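A.B. asks: Shown below is the structure under consideration.
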Amino acid sequence: MSRPRTDNVLQLPNEILLRITQDLPSRDVFFGVARTNRRLRDLVQNNLNSLPLFEAHCHVHVVDSAPGQPYRHDGTDPIISYSFTIYDPALKDYGQKQRLCLRGNNIKFRELHVNHVTPTAMYAELEKGLCDARLSPDIAFTLLSYMRVTAMRFQVRKLCKEESKRLKDDFFADCVEFCERRCTKVQIKSLLLCSKSLLFPWTLDKMSIRRLTGLRSLRVLILENMTTLNPLLPLLSDLLSSLRGLQLRLDQRHRMDVDRVTWAPIDAMLLDALAKAAVRNVDFSAYSDVADFVSTITAAQMVTFILNWRTTARPWMIKSIAFNSMVTIGEFRSSVNHINANDEIVDVPYCRFRSFHVRSPKVALELACYANGNTTQWLVRAGYIEKSP
Numbered sequence: 453m454s455r456p457r458t459d460n461v462l463q464l465p466n467e468i469l470l471r472i473t474q475d476l477p478s479r480d481v482f483f484g485v486a487r488t489n490r491r492l493r494d495l496v497q498n499n500l501n502s503l504p505l506f507e508a509h510c511h512v513h514v515v516d517s518a519p520g521q522p523y524r525h526d527g528t529d530p531i532i533s534y535s536f537t538i539y540d541p542a543l544k545d546y547g548q549k550q551r552l553c554l555r556g557n558n559i560k561f562r563e564l565h566v567n568h569v570t571p572t573a574m575y576a577e578l579e580k581g582l583c584d585a586r587l588s589p590d591i592a593f594t595l596l597s598y599m600r601v602t603a604m605r606f607q608v609r610k611l612c613k614e615e616s617k618r619l620k621d622d623f624f625a626d627c628v629e630f631c632e633r634r635c636t637k638v639q640i641k642s643l644l645l646c647s648k649s650l651l652f653p654w655t656l657d658k659m660s661i662r663r664l665t666g667l668r669s670l671r672v673l674i675l676e677n678m679t680t681l682n683p684l685l686p687l688l689s690d691l692l693s694s695l696r697g698l699q700l701r702l703d704q705r706h707r708m709d710v711d712r713v714t715w716a717p718i719d720a721m722l723l724d725a726l727a728k729a730a731v732r733n734v735d736f737s738a739y740s741d742v743a744d745f746v747s748t749i750t751a752a753q754m755v756t757f758i759l760n761w762r763t764t765a766r767p768w769m770i771k772s773i774a775f776n777s778m779v780t781i782g783e784f785r786s787s788v789n790h791i792n793a794n795d796e797i798v799d800v801p802y803c804r805f806r807s808f809h810v811r812s813p814k815v816a817l818e819l820a821c822y823a824n825g826n827t828t829q830w831l832v833r834a835g836y837i838e839k840s841p
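First residue of the sequence shown: 453, per the working numbering; consecutive thereafter.
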């Protein structure tokens with residue numbers, strides 16, 4: 453059967469042409485069909501919201517070296533640089549890379565770098581081999597319009613002596629607004645906020661916190677070196693009802709700066725907030741990989757958390773809740789004995805404790821402890837566990 457002629461296809465109404473382009477792969481639409489004919493190009497640009505966009509990762513890097521200088525609150529200040537990469541959902545590592553806010557796994561598309569000298573002068577480069585190729589602003593705008601940002605890594609480095617001039621900032625809110633202006637869709641599912649200066653950590657101001665709580669599609673939040681950001685702020689606590697993953701951590705370089713026991717802003721209120729949200733298969737870690745970064749959660753509070761879990765209306769499945777504490781296994785046993793909860797919290801071999809749900813006996817919560825330097829790492833999991841004989 454002979455193939456239809458291109459000129460015959462172009463004579464079709466816009467509605468039919470749009471349905472055809474919606475069924476084509478994104479690469480063919482944006483880099484093939486849209487370049488063959490001006491009418492098709494206009495049709496694509498005018499209907500980006502209904503076309504399969506490229507799923508993108510955005511890496512924002514801010515170097516705040518002169519807090520006394522004027523700052524542009526539109527995401528185009530010279531201290532801000534953007535890097536965009538593309539995800540391929542068909543590849544096996546897609547889920548992990550997006551969840552951990554790693555750069556895109558689609559090697560067919562190079563990284564797009566964007567920064568600004570003036571609000572209207574965009575400087576854009578596209579990786580090409582061992583060097584970068586300069587792009588015109590029009591081409592850069594077109595490439596950005598093809599993207600749907602689903603993951604973002606946002607890091608700020610403070611390089612200033614007079615830090616007190618700008619203790620808090622709204623870099624995050626400004627940069628998200630820039631992405632919304634240039635990219636067709638911004639549906640951030642995974643977000644990593646990183647402060648590159650542990651001794652003077654970056655702090656979000658009120659507008660950025662409100663912007664953060666407004667990310668309704670957010671499912672995973674990673675706070676790296678953000679030791680002054682309390683996840684229990686009234687505004688941030690609203691996020692816990694939708695987050696499937698929350699990680700508080702230090703990067704490898706900043707772990708060396710913690711050379712003695714340091715109290716983290718993590719207490720039983722966070723356990724209560726997680727229990728109130730009761731997100732299924734929640735994955736939470738509070739600096740559990742840093743031995744000297746310790747929470748203030750006590751043995752009695754851990755026992756109370758387990759007893760409350762047993763009596764919930766529905767069994768709350770927990771993938772992982774991990775944190776460090778100065779509580780030893782002996783102190784935890786003493787706390788269980790003190791309130792006569794030995795029947796509810798059973799001591800099982802290999803430094804573990806187990807408690808079964810009242811309404812669903814096949815569902816159990818398991819609490820395990822591990823020696824972690826001068827502290828103890830506690831790990832909570834809940835799910836279908838076979839009852840010990």
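In this text, a Cβ means the ideal position worked out from N, Cα and C, and glycines have one as well.
From a predicted model like this one, the values you see are computed outputs, not experimental measurements.
Could you check how far apart the C-beta atoms of Tyr539 and Ala508 are, in whole angstroms? I think they sit under 8 Å.
C.D. replies: With a Cβ gap of about 7 Å, Tyr539 and Ala508 count as contacting.
A.B. asks: Name the two residues that bound the continuous beta strand (DSSP E) containing Cys627.
C.D. replies: Cys627 -> not in any beta strand (DSSP E); alpha helix (DSSP H) instead, spanning Phe623 to Arg634.
A.B. asks: Can you check which of these residues, Phe808, Asn824, Asn826 and Cys821, is closest to Gly835 by C-alpha distance?
C.D. replies: Out of Phe808, Asn824, Asn826 and Cys821, Phe808 has the C-alpha closest to the C-alpha of Gly835.
A.B. asks: Thinking just about the alpha-carbon of each residue, which of Ile781, Leu817, Ala743 and Asp795 is nearest to the one in Ile773?
C.D. replies: Nearest C-alpha to Ile773: Leu817.
A.B. asks: Are the region 704-712 and the region 763-772 touching by the rule of at least three beta carbon pairs closer than 8 Å?
C.D. replies: Segments in contact, no.
A.B. asks: Report the residue from Val608, Leu656, Leu691 and Leu587 whose alpha carbon sits nearest the alpha carbon of Lys620.
C.D. replies: Of the candidates Val608, Leu656, Leu691 and Leu587, the one whose C-alpha sits nearest the C-alpha of Lys620 is Leu656.
A.B. asks: Have a look at Asp719, Asn501, Arg696 and Ala729 and flag the residue whose alpha-carbon is nearest the alpha-carbon of Phe745.
C.D. replies: Per the Cα distances, Asp719.
A.B. asks: At which residues does the alpha helix (DSSP H) containing Ser597 begin and terminate?
C.D. replies: Taken as a continuous stretch (DSSP letters only), the alpha helix (DSSP H) holding Ser597 covers Pro589 to Ser597.
A.B. asks: How long is the line joining the alpha carbons of Met453 and Met604, rounded to whole angstroms?
C.D. replies: The pLDDT assigned to Met453 is 46, lower than 50, so where the model puts this residue is not dependable, and the model offers no usable value.
A.B. asks: Going by C-alpha distance, which of Ala486, Leu503, Leu552 and Asn558 is nearest Leu543?
C.D. replies: The shortest C-alpha separation from Leu543 is found at Asn558.
A.B. asks: Round the Cβ separation of Glu796 and Leu759 to the nearest angstrom and send it over; I've been treating them as touching at under 8 Å.
C.D. replies: Correct: roughly 6 Å between the Cβ atoms.
A.B. asks: Ordered along the chain, which non-local residues of its own chain (more than five positions away) have a Cβ less than 8 Å from that of Arg762?
C.D. replies: Cβ within range, chain order: Glu796, Ser807, Phe808, His809, Val810 and Leu817.
A.B. asks: Ignoring anything shorter than 3 residues, give me the beta strand (DSSP E) runs that lie fully in the region 740-801, in order along the chain.
C.D. replies: The region 740-801 contains these whole beta strand (DSSP E) runs: 770-777 and 798-800.
A.B. asks: The alpha helix (DSSP H) spanning Thr665 covers which residue range?
C.D. replies: That run of the alpha helix (DSSP H) goes Lys658 to Thr665.
A.B. asks: For the alpha helix (DSSP H) holding Val496, just list the boundary residues, first then last.
C.D. replies: Looking at the DSSP string, the run of the alpha helix (DSSP H) that includes Val496 is Arg490 to Asn498.
A.B. asks: Taking the beta strand (DSSP E) that Thr528 falls in, what are its first and last residues?
C.D. replies: First-last for Thr528: undefined, no H or E at that position.
A.B. asks: Should Leu595 be labelled buried (16 or more other beta-carbon atoms within 10 Å of its own) or exposed?
C.D. replies: By the 10 Å Cβ count, Leu595 comes out buried.
A.B. asks: So, is Leu462 buried or exposed, given that buried needs 16 or more other C-beta atoms within 10 angstroms?
C.D. replies: Classification for Leu462: exposed.
A.B. asks: Leaving out five residues before and five after Leu831 in sequence, what residues of the same chain have Cβ atoms less than 6 Å from its Cβ?
C.D. replies: Closer than 6 Å at the Cβ level, and outside the excluded window around Leu831, lie Ala774 and Ala820.
A.B. asks: Looking only at its chain, what residues have a beta carbon closer than 6 Å to the beta carbon of Cys635, apart from the 5 residues adjacent to it on each side?
C.D. replies: Correct list, in chain order: Leu596, Met599 and Val601.
A.B. asks: Under a Cβ-count criterion, where at least 16 other Cβ atoms within 10 Å of its own Cβ denotes burial, should Gly825 be classed as buried or exposed?
C.D. replies: Exposed: under 16 other Cβ atoms inside 10 Å.
A.B. asks: Between Asp741 and Ile791, what straight-line distance do the alpha-carbon atoms span, to the nearest angstrom?
C.D. replies: Those two C-alpha atoms are separated by around 31 Å.
A.B. asks: Please confirm whether Leu670 and Ser693 have their CB atoms less than 8 Å apart.
C.D. replies: It is not a contact, given that the beta carbons lie outside the stated cut-off.
A.B. asks: In three-state terms, what does DSSP make of Thr828?
C.D. replies: DSSP places Thr828 in strand when its eight states are reduced to three.
A.B. asks: Nearest by alpha-carbon distance to Tyr523: which of Thr570, Glu676 and Phe593 is it?
C.D. replies: Measuring from the Cα of Tyr523, the nearest candidate turns out to be Thr570.
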